[in-house]
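Visitor:
In our numbering, the protein residues as written are -7 to 393.
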């Protein structure tokens, strides 16, 4: 389990006894489910407990990570609660954000509502899960889930949302942090050159330079962001547990907000990274497989919903020049994360090294097509290649077709 939550539970609910079970998937925290076995009726029947050690839990002390990340997560989650600044946002998805039950900074423990036995989007897009649904129902199942995620994050990433968070001094102070810059640089930027060279990708030095420069440059459109968005960040009611509920009304949650920050990135961070997970998933499959078709439906619906609801596609919100800068940043991060996820999930992708080669090559392609600046990006031959080779992931987010 990695951490003893007994004292915390006794302090919170002295008349109750809980059974603890570790949860898979968490990397930066020790995360468990605590189920009440007897005692105080007023105590929660079940809780999710997260302990934040002063380092990345899965990696150990050699990867230090401030425990302040837990205050960041608690602050972000409280903003979405009924009395919070962003209370209306989850209802717009509709998407669930778990409620904070208690937070003990001294012990670095965060207690959250238990949303129940939900599955990650990785699980929901697995061949086994997709085999449970006729392909004619993919749109009502996976398409509706993608649409809800796209709408929700389009709202999260607006200037209006950032303005609301900035309006509260304590919230603004906590979320205006830079806790993650060093760790992301160490695990997602510096290793790129080695990863490209391992697969003999041409022009590795140029690709690595562009990724490094983009990471350290100011964002074109700073917005409130989740900060680390992948398929494990989304929880869904599985088809096995609720076979007759459409994607439109199926329970859908976004979790793990410890990387959340103001002045982070929207489309050029959260969405670019999330779509990289999905792009790699598609690159690992044959296009005839149900899992491929389900993921394709999900992606298309998400991209369409995000593009239609995001504020940067509205008239007058940003200049055409800044929109191209935003596109360039999005292309680079999407490419960077395709390269990284080919390594981070090594052994989990279908197709072995052959599919990983496709992921890394495509990630490198995106960074090449981003050019050294927006002049190189919009050069006619390069632009036409982007439109033709994007696979419906990035260009449609900006309504560039």
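We treat Cβ as the ideally placed atom computed from N, Cα and C, and that holds for glycine.
(1) Going along the chain, which residues of its own chain have a beta-carbon closer than 6 Å to the beta-carbon of residue 138, five neighbours each way excluded?
(2) Spell out the partners DSSP gives residue 9 in its beta bridges.
(3) Quick check for students: name the residue ranges of the alpha helix (DSSP H) that lie wholly in the segment 151 to 227, counting only runs of 4 or more.
(4) With which residues is residue 22 paired in a DSSP beta bridge?
(5) Spatial neighbours of residue 385 within its chain, please: C-beta separation below 6 Å, excluding the five flanking residues on both sides.
(6) Which parts of the segment 219 to 300 are runs of the beta strand (DSSP E), unbroken and 3 residues or longer, counting only runs that do not cross its ends?
(7) I'd like to know whether the C-beta atoms of residue 389 and residue 263 end up nearer to each other than 8 Å.
(8) For residue 125, which three-state DSSP category applies?
(9) Specify the secondary structure class of residue 365 as computed by DSSP and reduced to three states.
(10) Along the chain, where does the beta strand (DSSP E) that runs through residue 3 open and close?
(11) With a 10 Å radius around its C-beta and 16 neighbouring C-beta atoms as the bar for buried, classify residue 120 as buried or exposed.
(12) The alpha helix (DSSP H) with residue 64 in it runs from where to where?
(13) What is the residue span of the alpha helix (DSSP H) that residue 310 lies within?
(14) Could you spell out the range, first to last residue, of the beta strand (DSSP E) harbouring residue 94?
(15) Closest to residue 387 by CA distance: which of 334, 323, 364, 335 is it?
(16) Keeping to the same chain, check which residues put their C-beta closer than 6 Å to that of residue 310; ignore five residues upstream and five downstream.
(17) Between the C-alpha atoms of residue 149 and residue 31, what's the straight-line distance to the nearest angstrom?
(18) Here's the rule: buried if 16 or more other CB atoms are within 10 angstroms of the residue's CB, otherwise exposed. What is residue 259?
(19) Taking residue 279 as the reference, give the member of 342, 207, 152 with the closest Cα.
(20) Mind checking whether residue 64 and residue 55 have CB atoms under 8 Å apart?
(21) Using 8 Å as the Cβ pair cut-off and three pairs as the minimum, do the segment 186 to 198 and the segment 225 to 235 touch?
(22) Taking its Cβ as the centre, do 16 or more other Cβ atoms sit within 10 Å of residue -4, making it buried, or is it exposed?
(23) Could you tell me which residues DSSP puts in a beta bridge with residue 88?
(24) Just the C-alpha distance for residue 83 and residue 42, rounded to the nearest angstrom, thanks.
(25) Grab the span of the alpha helix (DSSP H) containing residue 139 for me, first residue to last.
(26) Check the DSSP bridge columns for residue 105 and list the partner residues they point to.
(27) Spatial neighbours of residue 78 within its chain, please: CB distance less than 6 Å, with the 5 preceding and 5 following residues excluded, ordered by chain position.
Guide: Put simply:
(1) So the list reads 290, 293, 294, once near-sequence residues are dropped.
(2) Looking at the DSSP assignment, residue 9 forms a beta bridge with 30.
(3) Entirely contained in the segment 151 to 227, the alpha helix (DSSP H) runs reaching 4 residues are, in chain order, 151 to 158, 161 to 167, 173 to 176, 184 to 190, 196 to 208.
(4) Beta-bridge analysis with DSSP links residue 22 to 43.
(5) Residues 267, 271 of the same chain have their beta carbon placed closer than 6 Å to that of residue 385, with the five preceding and five following residues left out of the count.
(6) With a minimum length of 3 residues, the continuous beta strand (DSSP E) runs that stay inside the segment 219 to 300 are 226 to 228, 244 to 246, 253 to 256.
(7) Contact flag set, yes.
(8) Looking at residue 125 - three-state DSSP - the assignment turns out to be coil, as it is neither helix nor strand.
(9) It is coil, neither helix nor strand.
(10) The continuous stretches of beta strand (DSSP E) do not include residue 3, which lies in the alpha helix (DSSP H) extending over residues -2 to 4.
(11) Of the other Cβ atoms in all chains shown, fewer than 16 fall within 10 Å of the Cβ of residue 120; this residue is therefore exposed.
(12) From DSSP, the alpha helix (DSSP H) with residue 64 extends over 60 to 72.
(13) Careful: residue 310 lies outside any alpha helix (DSSP H) and carries neither H nor E.
(14) Counted as a single uninterrupted DSSP element, the beta strand (DSSP E) harbouring residue 94 occupies residues 92 to 96.
(15) Comparing Cα-Cα distances from residue 387 to each of 334, 323, 364, 335, the minimum goes to 323.
(16) Excluding sequence neighbours, residue 310 sits near 304.
(17) A straight line joining the alpha-carbon of residue 149 with that of residue 31 spans about 43 Å.
(18) Its Cβ being crowded by 16 or more others within 10 Å, residue 259 is buried.
(19) Residue 342 is the option with its Cα nearest to residue 279.
(20) Not closer than 8 Å, so no.
(21) Counting Cβ pairs under 8 Å, fewer than three are found: no touch.
(22) Its Cβ having fewer than 16 others within 10 Å, residue -4 is exposed.
(23) Looking at the DSSP assignment, residue 88 forms a beta bridge with 245.
(24) Looking at the two C-alpha atoms, the distance is approximately 25 Å.
(25) Taken as a continuous stretch (DSSP letters only), the alpha helix (DSSP H) holding residue 139 covers 136 to 148.
(26) The partner list for residue 105 (beta bridge, DSSP) reads 39.
(27) Around residue 78: 71, 72.
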